[in-house]
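Protein chains in written order, with my numbering: chain P, 104 to 315; chain S, 104 to 315.
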DNA sequence: CGACTTCTTGACCAGTCGGTCTAGAACGCC
DNA sequence: GGCGTTCTAGACCGACTGGTCAAGAAGTCG
């Protein structure tokens, strides 16, 4: 009963996500959100309580979409290394195809808000853990498939690749495709041979790998 | 002639840098800057024209300090891989030792402003190029010293390591030391054996390195 | 000393911030 | 068609934004 919503919440959240992603949290005013969504400020507050709440919903939406894209990319056929290389390239290509360089909303939120707000920090952390989990699973699959060395520590490499991705999305704001592609090639090379995981990292590399 | 400055510009810029670093550009108001520096708003504007101008000066200062620290770290004795590992760990340790997680001011500025402001983007890009140059030099030295393979592409690996660092400083906002250390260990492992730089990256790894 | 200059300060400014509220529109229900 | 409810829209709010300015303080110079 009562008057029904004049708009689809999901559409509004998506447009708000876009605005927050483009301008950051602090630099997106209620007036801008109203303009971006086509909904008057009053209605926005009636539906989402506060700017903060709307942002939280937008962030969740971003995470869902990103996870879906990541899952698709990591489910593609091919060797682990080629799959991950293609996935990283696709994300970089996406960033560079945008009219404005805006990075990754989760990372941007970490930078802008996580340092001051423990709740946001927890949320961001949870969202950052997801690609690590997905990469871990893909690398473990690679080990089962035999295209990844048994002594590759799946979780450690996944963390490393997620870190590389975080870096790439910052670098994509100011650098060009060739540089970013070179970085990706260097990064995925860890899947060729595992990094040393010993306690004393100063020891020399093992005399030869299993091919020797 | 005329009344002399009541304060040291450099001290004020340093404190402003701290405020911008902690809160971001948009979230640092003239009132906060006045409080952080101990200088009345009017004097601040008299000396630095605008918030924007003061920020630019603070950013330059940050870059100078960072470069000096980086130079020191990369000038330390030891093998290239150990030197770089130690340098990355030191930066991570610094980030984690701070009362607030605030990342890297240059990267934060890339995220917050570079997407919308080409001039800031150029400045940030120049600042990001510096650690790449320093790393390139250190890796080339390693090649001369013989502790880095001749087929390591110094510049490519330097870009990769700078990207890793960019990632680390975002990850240091939400992750803990063990995870970050593992990431560093994975990253510096590229110096053990060069990434493939061939056109077709899908080719299998060479049968054995020079130790085999 | 007085003249001149540049500094410091807090009052002041228009504009915007995040948010509230009121008037009334648009339904379901009886 | 009334009634109750929930919606919409935009006027409105105090606080604060980035920035200016006038009044006067603190120097140099002749």
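Backbone N, C-alpha and C define an ideal beta-carbon position, used for all residues, glycine too.
Compare the C-beta of residue 179 of chain S against all C-beta atoms of chain P and say whether one is closer than 8 Å.
no
Where residue 229 of chain P and residue 210 of chain P are concerned, what is the direct C-alpha to C-alpha distance, given to the nearest angstrom?
12 Å
Three-state secondary structure (DSSP) of residue 186 of chain S
helix
Are the C-beta of residue 302 of chain S and some C-beta of chain P separated by less than 8 Å?
Any reading at residue 302 of chain S must be qualified, since the residue scores a pLDDT of 36, below 50, and its modelled position is unreliable; no value is offered.
Whole angstroms are fine: how far does the CA of residue 293 of chain S sit from the CA of residue 189 of chain S?
15 Å
Whole angstroms are fine: how far does the CA of residue 239 of chain S sit from the CA of residue 252 of chain S?
14 Å
What do you reckon, are the CB atoms on residue 97 of chain S and residue 195 of chain S nearer than 8 Å?
Lying before the first or after the last residue shown, residue 97 of chain S is absent from chain S, which here runs from 104 to 315.
Note down, in chain order, every chain S residue with its Cβ under 9 Å from the Cβ of residue 241 of chain P.
Within chain S, no residue comes near residue 241 of chain P; the closest Cβ sits about 16 Å away, beyond 9 Å.
Alpha carbon to alpha carbon, how far is residue 283 of chain P from residue 236 of chain S? Give it in angstroms, no decimals.
16 Å
Kindly confirm or deny that the stretch 176-183 of chain P and the stretch 136-148 of chain P touch, where touching means at least three C-beta pairs closer than 8 Å.
no
Mapping DSSP to helix, strand and coil, what is residue 135 of chain S?
helix
Would you decide whether residue 248 of chain S is buried or exposed? Buried here means 16 or more other CB atoms lie within 10 Å of its CB.
exposed
Consider the Cβ of residue 270 of chain S: report whether some Cβ of chain P lies at a distance smaller than 8 Å.
yes
Which runs of the alpha helix (DSSP H), 4 residues or longer, sit entirely within the stretch 238-277 of chain S?
257-274
Please report how far the alpha carbon of residue 115 of chain P lies from the alpha carbon of residue 132 of chain P, in whole angstroms.
15 Å
So with CB distances below 8 Å, who are the chain S contacts of residue 203 of chain P?
218, 219
Inspect the beta-carbon positions of residue 242 of chain P and residue 257 of chain P and report whether they are closer than 8 Å.
yes
Residue 263 of chain P at chain S interface by Cβ criterion, 8 Å
yes
I want to see whether chain S comes within less than 8 Å of residue 152 of chain P, judged by CB atoms only; does it?
no
Cutting at 7 Å between CB atoms, please list the residues of its own chain near residue 221 of chain P, excluding the five before and the five after it.
none
Which stretch, first to last residue, makes up the alpha helix (DSSP H) that contains residue 151 of chain S?
144-151
Using only CA atoms, which one of P/168, P/126, P/108, P/128 lies nearest to residue 117 of chain P?
P/168
Could you spell out where the alpha helix (DSSP H) holding residue 109 of chain S opens and where it closes?
Taken as a continuous stretch (DSSP letters only), residue 109 of chain S belongs to no alpha helix (DSSP H), as it is neither H nor E.
So, using beta-carbon positions, are residue 277 of chain P and residue 261 of chain S closer together than 8 Å?
no
Between the CA atoms of residue 138 of chain S and residue 152 of chain S - distance to the nearest angstrom:
17 Å
Based on Cα-Cα distance, which residue from S/150, S/263, S/203 lies nearest to residue 291 of chain S?
S/263
Would you mind sorting residue 203 of chain P into buried or exposed? The rule is 16 or more other CB atoms within 10 Å of its CB.
exposed
Does the beta carbon of residue 134 of chain P come closer than 8 Å to any beta carbon on chain S?
no
Contact set between residue 49 of chain S and chain P, taken where Cβ atoms lie within less than 7 Å:
Residue 49 of chain S is absent from the model: chain S starts at 104 and stops at 315.
Taking DSSP as the reference, what is the three-state secondary structure of residue 236 of chain P?
helix
Would you say the beta carbon of residue 272 of chain S is closer than 7 Å to some non-hydrogen atom of the ligand PLP?
For the structure depicted, the ligand PLP is absent and the ligand set is empty, with no information on it obtainable.
Just to make sure I have the definition right: I need the residues of chain P whose C-beta is within less than 7 Å of the C-beta of residue 267 of chain S. Which are they?
266, 267, 270
Any C-beta of chain P sitting closer than 8 Å to the C-beta of residue 274 of chain S?
yes
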